[in-house]
Amino acid sequence: MSVQIDQDHTEYQEVHPLKAVAGGKRPDPPSAMASTMAFAHRALLRIKHVPEQMFDVTVFPIIFLLMFTYLFGGAIAGSTGEYLQFLLPGILVMTVSQITMYTGIDLNNDIRKGIFDRFRTLPIWLPSALIGALLVDVIRYSLASAIMIGLGLILGFRPEGGALGVVGAVLVILLFSFSFSWIWTAAGIIMRSEKSLMMVSFLVVFPLTFVSNVFVDPSTLPSWLQGFVNINPISILATAVRGLMHGNGTWEQVGWVVVVSAIFVVIFAPLTMYLYRRKE
Amino acid sequence: METRKWEQANGLAVEATGLVKVYGKERAVDGVDLVIPRGTVYGFLGPNGAGKTTTIRMLSTLIQPDDGSASIFGHDLKTESAAIKSRISLTGQYASIDEDLTGIENLVLISRLMGYTTKEAKQRASELLLAFGLEQAAKRQVKKYSGGMRRRIDIAASIVVTPDLLFLDEPTTGLDPRSRNQVWEIVRALVGTGTTVLLTTQNLEEADQLADRIAVINHGKIIAEGTSSELKASVGTGTLTVQLLEATDQSKAASIIEQKLGAAVHVSTDGVTLSAQAKDSSIVAEALGELGKEKIGISDFALGRPSLDEVFLTLTGQSASDQPTEEEHS
Ligand SMILES: Nc1ncnc2c1ncn2[C@@H]1O[C@H](COP(=O)(O)OP(=O)(O)O)[C@@H](O)[C@H]1O
Ligand SMILES: [Mg+2]
Numbered sequence: 012m013s014v015q016i017d018q019d020h021t022e023y024q025e026v027h028p029l030k031a032v033a034g035g036k037r038p039d040p041p042s043a044m045a046s047t048m049a050f051a052h053r054a055l056l057r058i059k060h061v062p063e064q065m066f067d068v069t070v071f072p073i074i075f076l077l078m079f080t081y082l083f084g085g086a087i088a089g090s091t092g093e094y095l096q097f098l099l100p101g102i103l104v105m106t107v108s109q110i111t112m113y114t115g116i117d118l119n120n121d122i123r124k125g126i127f128d129r130f131r132t133l134p135i136w137l138p139s140a141l142i143g144a145l146l147v148d149v150i151r152y153s154l155a156s157a158i159m160i161g162l163g164l165i166l167g168f169r170p171e172g173g174a175l176g177v178v179g180a181v182l183v184i185l186l187f188s189f190s191f192s193w194i195w196t197a198a199g200i201i202m203r204s205e206k207s208l209m210m211v212s213f214l215v216v217f218p219l220t221f222v223s224n225v226f227v228d229p230s231t232l233p234s235w236l237q238g239f240v241n242i243n244p245i246s247i248l249a250t251a252v253r254g255l256m257h258g259n260g261t262w263e264q265v266g267w268v269v270v271v272s273a274i275f276v277v278i279f280a281p282l283t284m285y286l287y288r289r290k291e
Numbered sequence: 002m003e004t005r006k007w008e009q010a011n012g013l014a015v016e017a018t019g020l021v022k023v024y025g026k027e028r029a030v031d032g033v034d035l036v037i038p039r040g041t042v043y044g045f046l047g048p049n050g051a052g053k054t055t056t057i058r059m060l061s062t063l064i065q066p067d068d069g070s071a072s073i074f075g076h077d078l079k080t081e082s083a084a085i086k087s088r089i090s091l092t093g094q095y096a097s098i099d100e101d102l103t104g105i106e107n108l109v110l111i112s113r114l115m116g117y118t119t120k121e122a123k124q125r126a127s128e129l130l131l132a133f134g135l136e137q138a139a140k141r142q143v144k145k146y147s148g149g150m151r152r153r154i155d156i157a158a159s160i161v162v163t164p165d166l167l168f169l170d171e172p173t174t175g176l177d178p179r180s181r182n183q184v185w186e187i188v189r190a191l192v193g194t195g196t197t198v199l200l201t202t203q204n205l206e207e208a209d210q211l212a213d214r215i216a217v218i219n220h221g222k223i224i225a226e227g228t229s230s231e232l233k234a235s236v237g238t239g240t241l242t243v244q245l246l247e248a249t250d251q252s253k254a255a256s257i258i259e260q261k262l263g264a265a266v267h268v269s270t271d272g273v274t275l276s277a278q279a280k281d282s283s284i285v286a287e288a289l290g291e292l293g294k295e296k297i298g299i300s301d302f303a304l305g306r307p308s309l310d311e312v313f314l315t316l317t318g319q320s321a322s323d324q325p326t327e328e329e330h331s
């Protein structure tokens, strides 16, 4: 038994259980919208109480951008300013994709604590438990994007696509990240511990982000690797984001991101919900 | 019979036949049958690892049985889980609330998920906090609550909408006596309003205190079922304890008692306290009369009702309290 904490002698306040019996008519189960909003509210409250979890969306982008610009930037492209033009969209894509795995970690924690069981016995549309959390994650991704772009602008990043191009690029990133997160929710249900989940996430995210067109021009790679880089979802996203930011994007590039996102959702959202319901 | 009629009028809360759950090679639940009339408290008594939690998780739709069937208020467990969910509530063995949120935030969340509007949810949450003696701790994170407070908020979350059937998985394990009494008070109040309660416990006194009927479960099987007094009757009336004035009468007294009761006599180390199992009370009177005739002085005697611990010992050949202690598993 842990130490009893009783700062203000509230431990043994009188109970009046009869007063707890709900009066009136029992409410109808909430709509999908209402339960999604309730879960989103929970995620916001969690940010309020556990602000450390914002580290990954605030500190990571700053460190990544500074590190890649000043440590590697000069060496690869000759000058940091020029390199930033090429690099920033890619780093942004990489950072946000990596942050998505925290969605799985949160779910994994819920499962290991009892609250997951409570949610599953409630008369609600179950996917709302995940969608609500993912919607708030989208806010976190927006924040990460804003911080990185803001810092980039200070460091000399000049997007030719203008404000509209940048906003478009961020929207494309958010769509992709929301969809990509479903991989982590599925993994978060399967994996036994946070540690093993982290391992698996790194094993997926690192090859995806590094063997992509984020850092290098694929034409410099051996042809067998080029094939992978070209179909890598991260490359597809990075291409579209660069295009939009630099003002030379095409509908086709954006279309491919939508297709890739749809594939993630169509496969991993039902899989997640199947696992969620069946988890023992 | 009286109860029979009453059952038919009100139906059954739970009816389960041959429930089985297998984990690997282990039959965690191995053919459990249950009949729980509405409005009653049913106690599920067993040591750690007996299969209590697994049974509750099956009945509350969280996991699917590998075999057997069950219905909750007439709804089939396999095909009508949505209908079942709207009538049941589960307070799991480990706190099923968000420990990072405050007490009131947790209750508002659950209230909204039960279908209350945000405004109604806030009102309902305050009502519950007041009723459960938690209003002063309303704005504190649950992870800073004591064990008893955690249990109370957990139960409060389960009765945001008064359920027709409430599952309580070891609601008082690890609580101090005062918190435990508060939980008992809450359970009794709920039952008073018509809620059916299925509670698991390792504590024999708790089952005795709260439950109308008790099932004793061990290694996934129900090894005895009945009211507390029925279970007690199955192991005899109880234990006769006699305190002698003189230790010198010890062997004579012991042989009289042994002969009359037909049971082994246990002599305690003080040399003057003798005890033996008694099958019925009339022979106890005879034994005491015989002692009197033989002029054996007695300072005190008592006929103790058997404890459920003794019941457990008789049924399983092992004492419930000898069981290994809690080990967490996911
Ligand atoms: N998810 C699981 N995976 C594997 N074994 C399990 C699982 N859940 C329970 N068990 C096993 O089933 C048996 C019964 O467990 P449980 O129902 O939790 O018992 P109780 O609640 O009575 O202590 C135990 O031996 C336990 O180890
Ligand atoms: Mg248990």
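Taken in sequence, the protein lines are chains A and B.
Just add 11 to the spot in the first sequence (first one is 1) and you have this note's numbering.
Just add 1 to the spot in the second sequence (first one is 1) and you have this note's numbering.
In this text, a Cβ means the ideal position worked out from N, Cα and C, and glycines have one as well.
From a predicted model like this one, the values you see are computed outputs, not experimental measurements.
The segment 162-172 of chain B makes contact with the segment 189-201 of chain B, as at least three CB pairs between them are under 8 Å. For the segment 71-98 of chain B, the set of residues with a beta-carbon nearer than 8 Å to any beta-carbon of chain A comprises Ala-83, Lys-86, Ser-87, Ile-89, Ser-90, Leu-91, Gly-93, Gln-94, Tyr-95, Ala-96, Ser-97 and Ile-98, in chain order. Annotated as proximal: Val-30 of chain B and Leu-20 of chain B, with beta-carbon spacing under 8 Å.
Glu-93 of chain A and Phe-226 of chain A have their C-alpha atoms roughly 13 Å apart. Think of a sphere of 7 Å around the beta carbon of Ile-116 of chain A: no beta carbon from chain B falls inside it, the nearest being about 14 Å out.
Contact annotation for Ile-142 of chain A against chain B: no contact, minimum CB-CB distance about 14 Å [criterion: below 7 Å]. For Met-159 of chain A against Leu-76 of chain A, the beta-carbon gap comes to about 6 Å, under 8 Å, which counts as contact. Under the Cβ criterion of 8 Å, Ser-207 of chain A is not counted among the residues facing chain B. Chain B places a beta carbon closer than 8 Å to that of Arg-57 of chain A, counting this residue as a contact. Distance from the C-beta of Tyr-24 of chain B to the nearest heavy atom of ligand 1 is below 7 Å. Put simply, of B:Arg-141, B:Met-150 and B:Ala-216 the residue whose alpha carbon is nearest the alpha carbon of Pro-48 of chain B is B:Ala-216. Ile-126, Asp-128, Arg-129, Arg-131, Thr-132, Leu-133, Pro-134 and Ile-135: these are the residues of the segment 126-141 of chain A whose beta carbon lies less than 7 Å from some beta carbon of chain B, given in chain order. The continuous alpha helix (DSSP H) containing Thr-69 of chain A extends over residues 66-77.
Residue pairing from DSSP places Lys-222 of chain B in a beta bridge opposite B:Asn-219.
Lys-53 of chain B has its CB nearer than 7 Å to a heavy atom of ligand 2. At a beta-carbon threshold of 8 Å, none of the residues of chain B lie near Glu-171 of chain A; the nearest stands roughly 44 Å away. For Lys-22 of chain B, the enclosing beta strand (DSSP E) covers residues 13-24.
With a cutoff of 7 Å, Asn-49 of chain B counts as near ligand 1, since its C-beta is closer than that to a heavy atom of the ligand.
Of the candidates B:Thr-242, B:Gly-40 and B:Glu-16, the residue whose Cα lies closest to the Cα of Gly-195 of chain B is B:Gly-40. DSSP, read as helix, strand or coil, puts Ile-111 of chain B in helix. Between the alpha carbons of Val-268 of chain B and Ile-218 of chain B lies a distance of about 32 Å.
For the set B:Ala-138, B:Ala-96, B:Leu-275 and B:Asp-101, the Cα lying nearest the Cα of Ala-303 of chain B is the one of B:Leu-275. In the assembly as shown, Pro-233 of chain A is an exposed residue. Its beta-carbon has fewer than 16 other beta-carbons within 10 Å. Residue environment: Pro-244 of chain A is assigned as buried (16 or more neighbouring CB atoms within 10 Å of its CB, all protein chains considered).
With a threshold of 8 Å between beta carbons, Lys-36 of chain A makes no contact with chain B. Judged by pairs of C-beta atoms under 8 Å, the segment 54-67 of chain A touches the segment 96-112 of chain B, as three or more such pairs exist. According to the DSSP assignment, Arg-125 of chain B belongs to the alpha helix (DSSP H) that extends over 119-132. Contacts with chain A (Cβ-Cβ distance below 8 Å) from the segment 268-286 of chain B involve no residue at all. Closer than 8 Å to the CB of Met-59 of chain B there is not a single CB belonging to chain A. Residues of chain A whose Cβ lies closer than 8 Å to the Cβ of Tyr-43 of chain B do not exist, since the nearest Cβ in that chain is about 18 Å away. Of the residues assessed, Met-210 of chain A falls on the exposed side of the cut-off, its CB having fewer than 16 other CB atoms within 10 angstroms. B:Gly-50 is the residue among B:Gly-50, B:Lys-253 and B:Gly-44 whose C-alpha sits nearest the C-alpha of His-220 of chain B. With its beta carbon at least 8 Å from every one in chain A, Gln-251 of chain B lies outside the interface. Residue side-chain check: Glu-291 of chain A places its Cβ nearer than 7 Å to a non-hydrogen atom of ligand 1.
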